[in-house]
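Working notes for the structure below.
Residue numbers (mature numbering (1 follows the signal peptide of the UniProt record, and there is no 0)): -24 to -1, 1 to 1047.
Listed below in structure tokens is the structure:
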């Protein structure tokens, strides 16, 4: 629990004072225009003055109430002086004794309103005209003894004015809870010199004007400073940035002073507090559960805001040293405690933002233990510098602990910075502890800079992080800069608890020239780490990660990775001597340089070195379960070579892990270790330590000290590839290096299933899906000719016509090529004319088809425009027909590739011509309502597709595909059984249901081969799976009258070991 205690030395005096003044009192209970004084208010005698809620004093000038004797003054009514300079609501003479209480209103305003003098739509002029107006004023001179307590409203309009001004020492408590609003330049909401008691600021205090400050405690406070209200200052006319700032004048952009100034010693510490929260153990009738002497109902969250370049909170003095004691009753032991919110906003162009500034004015500031931020300190500028918490020169804070938030954003101009925590040169801070958030965000990544923590003093020797430290958005982003330190820094990052969120550091880390120790047991670091000169040590354990370049610049270097920790980035040892150790399943990935004096010890884990050429080492030791990584650059034939000046030893179970920079040119024999002495041979597990497309082996020569790696590409049979994948593999293999990102995705593949899926996505459509789609649609539209009841004629029997809609779908498994799923629809119509030789006619149909392949992640759409001519003959129960057609088809194909996070998309357009010839005959046997109709037919389809070149997928994925021709001839045999419902007289309405079964037998033709190549590559040929014969079945239902008929047909056909379906709907009517 927190406690704020009044100074015990003055407590007896104040108690006696209260008792004495309670004995007599003069009350003003009505309106008056006469000023009063305590020395004469009781018919010429001294007495306490109380203005009741019904009372008021209204003057045209001067002072409403003067305390010139040792008597209390209390205002619950109103004190008003309008349009008068040098006006005072309550004046306290020097050397007097008495409490001043204001629960009413004190109003010292003027009849002045700024106007738009230049007619630009923007108000012009000063905020106030008058001067020297004070709500409550304690004269200079001898100390005043007594409390000043305002819970009412004080409104002041005037320059060089104040809501409460204490010019002498106050022996008593200063307490505000209400509203104080002051408008005018060089003014104050509350300004006080020495206070022998507590200063408690609640309610709302605001100032508007150039150089105006909301609360200024300029002297020593022999007690505590407690902020638990809203304090706001600005010099701006508006604190909301308009969409158009070009109309703003200089008088709109004046700079106010700090919102809160504490310039003297504070023996009882400074707390920016929040309202207490009751627990289950607290008495529900207790109105002061934190025992701070304040009603809990009057306590709110401290909020201190400055709009402008001045600090929201400024602690320190230019002329004297300042000492801040421990916050009374607070268990943290800190001298400055921030549980509320402190914020600085620049708002306008070119204006810096500052939230809390301690020291840096000239005098020293010494804070007991240091600063605790459990709330928030925020600085936001529009485009300029923004600094959240700064300790200037002369400030001493043993520790800074941040469990809340310290954040800054801005910096869009050149040479501007957004900075979270800043410790200037000349300040003294021993340790920084972050369990909350320290963040800096720059607004421009080409000009601005972001710095989360900057110590220019060189005094921070310990920094621990269990929270978040981040610097983002800038040209440079520095999370931690302790480079000024020359004595050594201990930097740790760990979990706050077993259930806590993992900590993180985002941005660069810069340490100084001392012996630095950096220990990371949890979370992540994203940014470059520079350990500087000295004998430096970095260790990572747990599941921690470092992503960024790591550099040493001293004489000694130690790098230790344990558990599953990992480092990814370039590693520069700077010529230092030391040891790099990997334990557990930890890993390092990156380029190593200047490592000739380093001993490499692999007790486990994986060292994946990405640079080729020599990697110098003093010694190398690889234990069982460890993996030594090498990189091979197939483009220039170079590879990683570990040049070991001393001994290199490989225990049984140690391995080599291979990384290839490209696919082509990687085969060969490579010396990967040269050592003065060599023992053992590492193994190569091709299944896990080499890209799946390759195989390899490792051999050692203890005489020369060489370890040699041999690599070869696997054959298609070793990869388990068959059919189309086997035919296209060589072309795909040779094309991959046209796109390094795509090639790297393949090089990361470690199993056959993933490789198989990736390769299928590289293939063009070749499975016969386009042929199936366009012929299925055409056959569905032509089927009306084989239906004896399919076409109506006009009443004279000469002219027949129809409208129909069709739908179809089929599918195929992968087989040796690829799978597909086809669906489509079409609409068309036709006419025919009956002659002595039979009926001759023509038809037109539009058919849209879509075939997709999940196995190859591709699709193709077809738009088909078909013209057909036909003949039909009828001789009693015998029906015959013949049909020829020609169609133009536009194809629109898309191939997609997805492997891990690599995505490619290629599109191609081509056209085709489809020709067909169809003939058939049927004979209907009618048995009253029942009928049988055997039928035979023959079909021939020929599709000629043009070639095309794809775009959009890159040089390793785009294909150029040659034209191809496919054809097919089939014989069909069917038998249909039908039954007539309703009347047998067509004029009376009828319906008919039919079931048809049969077989469609292939007797000729084949699907064309698909010939394609990648950019600058050789052609590869893909052979489609053979199409199959199959059983067919259909169900029809149609009916109508002699002038109108509707009908539908559902069909199923065995094709490619799957069932293809079709649907046809027709409408016929007689004109």
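A virtual CB, placed ideally from N, CA and C, is assigned to each residue, including glycine.
Along the chain, which unbroken stretches of the beta strand (DSSP E) at least 3 residues long are found entirely within the region 875 to 936? 878 to 899, 901 to 903 and 906 to 921
Could you tell me the distance, in whole angstroms, from the CA atom of residue 795 to the CA atom of residue 916? 25 Å
At which residues does the beta strand (DSSP E) containing residue 564 begin and terminate? Segment 563 to 566, the beta strand (DSSP E) holding residue 564.
Taking the straight line between their C-alpha atoms, what separation do you get for residue 925 and residue 935? 6 Å
Please work out which residues of its chain come closer than 6 Å, Cβ to Cβ, to residue 119, disregarding the five sequence neighbours upstream and downstream, and give them in chain order. Only 144, 145 and 147 meet the Cβ criterion.
How is residue -13 classed by DSSP in three states: helix, strand or coil? With a pLDDT of only 47 at residue -13, under the threshold of 50, the placement of this residue in the model should not be trusted, and no figure is reported.
Residue 1052 in three-state terms, based on DSSP: The displayed coordinates of the chain run from -24 to 1047. Any statement about residue 1052 would go beyond what the structure contains.
Check: residue 979 C-beta below 8 Å from any heavy atom of the ligand MN: Ligands displayed in this structure: none; no statement on the ligand MN is therefore possible.
For a minimum of 3 consecutive residues, which ranges assigned as the beta strand (DSSP E) are wholly contained in the region 537 to 593? At a cut-off of 3 residues, the continuous stretches assigned as beta strand (DSSP E) that sit fully inside the region 537 to 593 are 542 to 544, 553 to 558, 563 to 566, 574 to 578, 582 to 585 and 589 to 593.
Roughly how many angstroms lie between the CA atoms of residue 750 and residue 949, to the nearest whole one? 22 Å
For residue 104 and residue 159, which I take to be in contact (beta-carbon distance under 8 Å), what is that distance rounded to the nearest angstrom? About 5 Å; that satisfies the 8 Å criterion.
If you draw a straight line from the alpha carbon of residue 717 to that of residue 756, how long is it in whole angstroms? 46 Å
Determine, using beta carbons only, whether residue 14 and residue 56 come nearer to each other than 9 Å. no
Residue 355 versus residue 248 - alpha carbon distance: When only Cα atoms are considered, residue 355 and residue 248 end up about 17 Å apart.
For the region 152 to 223, which segments carrying the beta strand (DSSP E) assignment without a break, of at least 3 residues, lie completely within its bounds, in sequence order? 155 to 159, 164 to 168, 175 to 184, 189 to 193 and 201 to 210
Please classify residue 729 as buried or exposed, where buried requires at least 16 neighbouring CB atoms within 10 angstroms. Looking at its Cβ environment, which holds fewer than 16 other Cβ atoms inside 10 Å, residue 729 is exposed.
C-beta atoms of residue 902 and residue 853 nearer than 9 Å: yes
What does the alpha-carbon distance come out to for the pair residue 785 and residue 673? 51 Å
Tell me which residues share the same chain as residue 379 and place their Cβ nearer than 6 Å to its Cβ, disregarding the 5 neighbours each side in the sequence. 350, 411 and 412
Closer than 7 Å by C-beta to residue 417: which residues in its own chain qualify, once you throw out the five before and the five after it? Chain order, please. For residue 417, the CB contacts under 7 Å within the same chain, skipping 5 residues up- and downstream, are 385, 394, 426, 448 and 449 in chain order.
For residue 1049 and residue 469, I'd like the C-alpha separation in whole angstroms. For the chain, the structure presents residues -24 to 1047; residue 1049 sits outside this window and is missing.
Looking at the unbroken beta strand (DSSP E) that takes in residue 758, where does it start and where does it end? Per DSSP, residue 758 belongs to no beta strand (DSSP E); it is in the alpha helix (DSSP H), 745 to 758.
Please check the pair residue 234 and residue 298, which I expect to be a contact at CB under 8 Å, by giving their CB distance rounded to whole angstroms. Wrong, their Cβ atoms sit about 15 Å apart, outside the cutoff.
Below 9 Å between beta carbons: does that hold for residue 292 and residue 168? no
Residue 837 - DSSP class collapsed to helix/strand/coil: strand
May I ask you to list the residues that DSSP assigns as paired with residue 944? 917
At which residues does the beta strand (DSSP E) containing residue 972 begin and terminate? In the DSSP assignment, residue 972 falls within the unbroken beta strand (DSSP E) covering 966 to 980.
For residue 646, which beta-bridge partners are listed by DSSP? 685
Would residue 681 and residue 652 qualify as a contact pair, given that the criterion is a beta-carbon distance under 9 Å? It is a contact, given that the beta carbons lie within the stated cut-off.
Extent of the continuous beta strand (DSSP E) run through residue 796: 796 to 811
7 Å Cβ shell around residue 878 - same chain, five flanking residues per side excluded: 717, 718 and 721
Among 500, 762 and 76, which has the Cα closest to the Cα of residue 478? 500
Since residue 562 and residue 539 are thought to touch, with beta carbons under 8 Å apart, how far apart are those beta carbons, to the nearest angstrom? 6 Å
So the alpha helix (DSSP H) residue 692 belongs to, where does it begin and stop? 692 to 695
Report the three-state DSSP secondary structure of residue 1003 (helix, strand or coil). DSSP places residue 1003 in the coil class of the three-state scheme, outside both helix and strand.
Using a threshold of 9 Å, state whether the C-beta atoms of residue 90 and residue 97 are closer than that. In this structure, residue 97 does not lie closer than 9 Å to residue 90 by Cβ.
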